[in-house]
Structures are given as structure tokens and as C-alpha cells.
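Protein chains in written order, with numbering that gives the first Met the number 0: chain A, 0 to 325; chain B, 0 to 325. Note that the Cβ used here is the ideal one computed from N, Cα and C, for glycine as well. Please read these numbers as outputs of a predicted model, since none were measured by experiment. Some notes on the structure that comes next.
2 protein chains.
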Amino acid sequence: MEILILGAAGMVGRKLTERLARQGHLGGRAITRATLHDVVEPQVPENAPFATTTLTSDVSAAGEAERLLAGRPDVIFHLAAIVSGEAEADFEKGYRINLDGTRRLFDAVRGLDGYTPRLVFTSSIAVFGAPFPDAIDDAFFLTPLTSYGTQKAIGELLLADYTRRGFLDGVGIRLPTICVRPGKPNKAASGFFSGIIREPLSGQDAILPVPEDVRHTHASPRSAVGFLIHAATLDGSRLGPRRNLTMPGVSVTVAEQIDALRRIAGERVAARIRREPDETIMRIVEGWPRRFDARRARELGFQAEDSFDEIIRIHIEDDLGGTFAA
Amino acid sequence: MEILILGAAGMVGRKLTERLARQGHLGGRAITRATLHDVVEPQVPENAPFATTTLTSDVSAAGEAERLLAGRPDVIFHLAAIVSGEAEADFEKGYRINLDGTRRLFDAVRGLDGYTPRLVFTSSIAVFGAPFPDAIDDAFFLTPLTSYGTQKAIGELLLADYTRRGFLDGVGIRLPTICVRPGKPNKAASGFFSGIIREPLSGQDAILPVPEDVRHTHASPRSAVGFLIHAATLDGSRLGPRRNLTMPGVSVTVAEQIDALRRIAGERVAARIRREPDETIMRIVEGWPRRFDARRARELGFQAEDSFDEIIRIHIEDDLGGTFAA
Chain A
0 MEILILGAAG
10 MVGRKLTERL
20 ARQGHLGGRA
30 ITRATLHDVV
40 EPQVPENAPF
50 ATTTLTSDVS
60 AAGEAERLLA
70 GRPDVIFHLA
80 AIVSGEAEAD
90 FEKGYRINLD
100 GTRRLFDAVR
110 GLDGYTPRLV
120 FTSSIAVFGA
130 PFPDAIDDAF
140 FLTPLTSYGT
150 QKAIGELLLA
160 DYTRRGFLDG
170 VGIRLPTICV
180 RPGKPNKAAS
190 GFFSGIIREP
200 LSGQDAILPV
210 PEDVRHTHAS
220 PRSAVGFLIH
230 AATLDGSRLG
240 PRRNLTMPGV
250 SVTVAEQIDA
260 LRRIAGERVA
270 ARIRREPDET
280 IMRIVEGWPR
290 RFDARRAREL
300 GFQAEDSFDE
310 IIRIHIEDDL
320 GGTFAA
Chain B
0 MEILILGAAG
10 MVGRKLTERL
20 ARQGHLGGRA
30 ITRATLHDVV
40 EPQVPENAPF
50 ATTTLTSDVS
60 AAGEAERLLA
70 GRPDVIFHLA
80 AIVSGEAEAD
90 FEKGYRINLD
100 GTRRLFDAVR
110 GLDGYTPRLV
120 FTSSIAVFGA
130 PFPDAIDDAF
140 FLTPLTSYGT
150 QKAIGELLLA
160 DYTRRGFLDG
170 VGIRLPTICV
180 RPGKPNKAAS
190 GFFSGIIREP
200 LSGQDAILPV
210 PEDVRHTHAS
220 PRSAVGFLIH
230 AATLDGSRLG
240 PRRNLTMPGV
250 SVTVAEQIDA
260 LRRIAGERVA
270 ARIRREPDET
280 IMRIVEGWPR
290 RFDARRAREL
300 GFQAEDSFDE
310 IIRIHIEDDL
320 GGTFAA
């Protein structure tokens, strides 16, 4: 089977590619080729048991989606997106990539006769906007408070309609905040949720811009990859017309995140977190969901961690080679 | 103040225009000009106390929205849409008019500096898709089961984001089924809800294709116009970022509709309804919402009828000149 990954150079895309290269199959079928696409050159995984092609272009450019689908990939992972902070700062770019790029991809699939690939679309909990109930259930309405969230919510609606019409076989998954993100900080306003774990474990100071009672839901990059693979192989008939699912995660306060860090890495590491309140980030975070009752996804077999301790241990294992800067 | 009505040739657009011509003002401000737009020539109301301009074009064509906004209207009523049956039959046309047309209009408003008009967008209860709770509350999620409903749901999301960004001052209203629709019967699956009242009152037989225990929510054309005017004049700060509202209506069974007809027009009129069960229509109607808890709209002052009797009386008064074929 052939795979196409859009947004393959991103953190989740890269980890997904590595995981697929390690296992060599998807849903019991051997992978024969993976096409990796992004705006910057994606990394080719080492020792992949399948052919890989890398492509670099703007997915929203005319004709680009058609070119990417030339090999009629069996599974498409659509992870490409302008992140929330940038989509908020650059209105037109966010709509061009996140809305038009997604729609052009869906339309390119629609344009191919007799072709109905499984298309996994990464949506986001940014589709929800405050005020919220204590836990957001699967029937809660989408009232995004960012342009990014709006673009993702529109992508979900298109995915469901194109699937209902038989143009593609879509599954949308709303990722919780992915934590701990490895590597350098990005422009996302949610960056500090990872930063306060990642930087201290590397011997660096980290900035905490919000109060410690801020509650948020997290899943590890390893879980995110697990969600994607499960979404790619799930029996679509179990979903019916409601193709978009809130993924499970671990709901904790920032204080609980820090407690977990202290338990795992000690007081010296936890002491590397500096409190520097940032009104802008606080205001953005205020509008974010805190807890989900992701019952449908759990019933469909999507699994996340059981504790934030586990999330930290996965970061140390997967991204730090098993050690940290005590 | 200047008004722009898109979709002015439709039933609701025409009744809105007539009402504005009668009252001459909107929210206490005298109307100086109304621009009436549609794909077919809109009717100019008689004796309007303001200047009227009619325009005929495709609202989704490049540059068209900019042309319509040249006079910087203070209030825009965006009623233009491809209806559900046609949007389902012609996928591309539905998306072009209902999604691209709406987005181009919003973008044209955004392109004008220092211009933030009140924009009233008619959405639809087609944004909801079965299964439903007994009554759909204001936080129930949008899972449209038609392309039309998808396009309306996307319009709502864009309206909210463009409003949040300060590009326009939008209010979206989800109209229930409008009953009694004047004019000739049509082939819409929902047509019988009006037909079983309208035809008997005109001395014609009407066909009832569903069982009498089918429940549905209705509002009169007069209420629909009332919703639009209230949405145009409502203090936007009372809405916050959730700019889209389910409108109130009268939730009745078909049996209750017929009882009301009998009370108002007598047994001879009610006897003109012929039961001819239609499996296809029954299955379509099964997927429609039956009842809404439109609390937010009511709290914000939107008003519908209190009974189906009132809906019938309004039809007789507004569309039949006060009489009917006993």
C-alpha cells in the first residue's frame, strides 16, 4: 500500500514517518511507498523497508494537490497546517493554507474517479471556545475563538460532507495539546505546556506565562502517532456520518505537571521553571478547553496515557535517549 | 441609513423588503436607500419612502461583492443561497454560491477600511443532523447531513471569526421551517408542512405523505422577517463571540397542525387533506429536528408565534387578504 503524509516535516509527521518505517505496515498491509510532503524538505527515515519520495511545495498552490495524488495513495495523512499563533497573526495565510489547502486536497481526491482513500485529518481542540462545561462531551458545539480553530472546524465539516458524498473516506481527529513536544519552541501559544517540562530536563530555564491552576489536556507525541495510525486503519462503518472525534488525553493543571516533573526528575529540575505572567498568552489560554469526555474515541479504541508522569517518561525515553540533565 | 439585501427576490427577501418599505426605518434610523440584489430581478416595493436600486448578478463572481458594497451599506441582509435540494443535486454550484459567495462577501467587507456593517446571515436548522435529543439546545453540535447544511454551518463559523476579528458585525440566525409558505406547491420534501394548510384554505386538496405524529418546528414568514429585523438592530455586545442563534418556533405534530386548521377554517377545509404515505419523504423527515430549546434567542428578544393557530391566521391575513375558501 502507498501512503501520503502532508506536513511530514513537522514533529508529529516526522514521528509518524519513523514509526511507519519501523513497523513497515499499516493495518496489516505492507507499505510499499511513502510520499513525504511539506513546505520544507521532510527527513527520510533511516532503514525504511519501503520506498520514500520527498516533495517540497505549497499545498495550497493550484495543481499541487493533484500532483501529490498522482500515485493514488491508499492512505493520506493530512497534518499540514499553519499553527494557531501564526494563523492568528497572518489572517490570509492561515485561511489560504488551513482552509483553501485542505479544500483543494479534498477536491483533488474528489476529482479522481473510483478513488476513495482513507484520509486522516488532524483537527484540534481549538475548535472549542469558552465558556465550557466542566468536561466537553462528544455532542458539544464548536465555537472556536481563533482563526486556526475556525479553519480546523471548517475542515471537519468538509471532511464529513465529502465522506458522506462518497468522495473520500475521512476520519478527523481532534488532537489535544501534544506534550512533551521535542526540539525548539514553536510559535504556538500552547508552547509553554511542553517548555516547562522539556527545557528543565535539558538543563535550561523555562518560562511559565500562566497561573499554575490552569488546567489542560495533553497526550504524548507517541499517543498522537497512535491516534493517527488507529484512525488510518479503523473500520469506517463504525463511525457513521459523524467523522470527527475528540481524542482522549490526560487532564492536569500546570501545578500537577510540575509535581510530576518533580517526582520524576527532582526538585532541582523543577526549580528551572520561571514564572513570567504574559497577559496575551493568559487570555488565549483562557479560551481553551480544560477537560474532555472523549467517550466515543475511547469506545472506538483510541488510547492515550493514564497520567502526566507517563507523558514525561515517554519524552525522556523517545526524545532524550533515556536520560536528562539532573 | 442604507440597506443591502442579497437574495431579495426570494419569499423571505420580498417580505422583508415590503416590511421595510412600510415602516421606512430600521432600529429607529430612517432608511435612505435599499439595494435589492438577486440572481433574478427583485421586485421593487410600492410606495417605499426610500430610494431603491435593484441589481441582478451572481454574488459569487469575482468582484461582484465589492461592487455591491460600493455604497457601504450600514446593514447587509445575506439571504442568498442555493436551496437544500439543489445544493445536494449540484455539489459544485452549492459550494460556489453558498460557501464561496458568502466568503467573498465577508472578504469584500473586510477589504474596506473603517467599515464594520451589521451583517445578518440566514442559516438553517439543516446545520443539525440526526440523531437528536428530544429538544436541541443552544450548545448542541452541528453535524449536517446535507451539503446545504454543511455550507450554512461553514458560513456560521466564518461569520463568527470575521466578527471576532472586527472585520464585520455579524449575526447568524437559524431559521426553522417557514410555514405557511405562500404560493404554489413545490417538490421539496418539507413542502407538505405548508401544503396541508395552504391548499385546503384555497379550496384545493393537499397530500399528507407522513404519519400525523410527525413533530416539527415552524415559524411564519412574518416571524422570519421579524427575526431578521431584530437581528439587524440587536446590540451586538449582548451576543459575545457566539454570533449564531437558533430561532424560536412552534413545535407541533402534524395532527396538531390539522386540529388548528379545523378550529380556524372548519371541518370541510380540514377534510381536503388526503393521506398518501410516501416512504421516501417519511425517511427524509425522520432525519430532521423536531424541537428546539431556543433559549438564547428568546432571551435576546427574538419572538415567534405561540401557537399553530396563530401561524394559520397570519397566513390568511398576510397572503390571502383575510379570507379563505370555506
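Per DSSP, the continuous alpha helix (DSSP H) segment holding A/Ala259 begins and ends at Val253 to Ala264. Within the same chain, and ignoring the five residues on either side of A/Glu65 in sequence, the residues whose Cβ sits closer than 8 Å to its Cβ are Ala107 and Gly110. For A/Ala152, the chain B residues whose C-beta falls within less than 7 Å of its own C-beta are Leu156, listed in chain order.
In this structure the region 251 to 267 of chain B lies against the region 211 to 218 of chain B, because at least three pairs of beta carbons, one per stretch, are closer than 8 Å.
With its beta carbon less than 8 Å from one in chain B, A/Gly128 belongs to the interface. For B/Leu54, the CB contacts under 6 Å within the same chain, skipping 5 residues up- and downstream, are His36 in chain order. The beta-bridge partner set that DSSP reports for A/Glu1 consists of A/Arg32. A distance below 8 Å between beta-carbons, with the five flanking residues on each side excluded, links B/Arg237 to the following residues of its chain, in chain order: Leu299. For A/Arg117, DSSP records a beta bridge to A/Val74 and A/Asp168.
A direct Cα-to-Cα measurement between A/Arg274 and A/Ile195 gives close to 10 Å.
At a cut-off of 8 Å, the C-beta of A/Phe139 has a neighbouring C-beta in chain B.
In the three-state reduction of the DSSP assignment, A/Phe139 falls in the strand class. In the DSSP secondary-structure assignment, B/His24 is bridged to B/Ala29. In this structure, DSSP gives B/Asn97 a helical state, which the three-state scheme calls helix.
For B/Arg241, the nearest CB of chain A lies under 8 Å from its own CB, placing it at the interface with that chain.
With respect to the 8 Å criterion, A/Arg163 and A/Leu244 are not classified as neighbours on the basis of their beta carbons.
For A/Phe90, the chain B residues whose C-beta falls within less than 8 Å of its own C-beta are Arg164, listed in chain order. A distance of 8 Å or more separates the beta carbons of B/Phe323 and B/Leu144.
Inclusion of A/Pro72 and A/Glu1 in the CB contact set at 8 Å is warranted, their separation being smaller than that value. A direct Cα-Cα distance of roughly 20 Å separates B/Met281 from B/Glu85. Less than 8 Å divides the Cβ of B/Gly225 from the Cβ of B/Gln302. Here the alpha carbons of A/Val126 and A/Asp89 stand approximately 18 Å from one another. Boundaries of the beta strand (DSSP E) harbouring B/Ile272: Ile272 to Arg274, taken from the DSSP string. Distance from the CA of A/Ala270 to the CA of A/Gln203, rounded to the nearest whole angstrom, comes to 10 Å. By the rule that beta-carbons nearer than 8 Å mark a contact, A/Ser83 does not touch chain B. When the beta-carbon positions are compared, B/Val82 and B/Ala188 stay at least 8 Å from each other. Between the beta-carbon of B/Ile135 and that of B/Phe307 there is about 19 Å, and that puts the pair past the 8 Å contact cut. DSSP places A/Leu299 in the coil class of the three-state scheme, outside both helix and strand. Bounds of the alpha helix (DSSP H) holding A/Ile311 are Phe307 to Asp318.
Your pair B/Arg221 and B/Ile313 checks out as a contact, with CB atoms roughly 5 Å apart and the cut at 8 Å. By the beta-carbon neighbour count (other beta carbons within 10 angstroms, threshold 16), B/Asn97 is buried. Apart from the 5 residues on each side of it in sequence, A/Asp318 sits with its Cβ closer than 6 Å to the Cβ of Pro181 in its chain, given in chain order. For B/Thr53, there is no enclosing alpha helix (DSSP H); the enclosing beta strand (DSSP E) has its first and last residue at Ala50 to Thr55. Within the same chain, Cβ atoms closer than 8 Å to the Cβ of A/Tyr161 are found at Phe105, Val108, Arg109, Leu167 and Gly169, the five residues on either side in sequence being excluded. In terms of Cβ geometry, B/Thr52 and B/Arg32 form a close pair [threshold 8 Å]. Burial of B/Lys14 is indicated by the presence of at least 16 other C-beta atoms within 10 angstroms of its C-beta.
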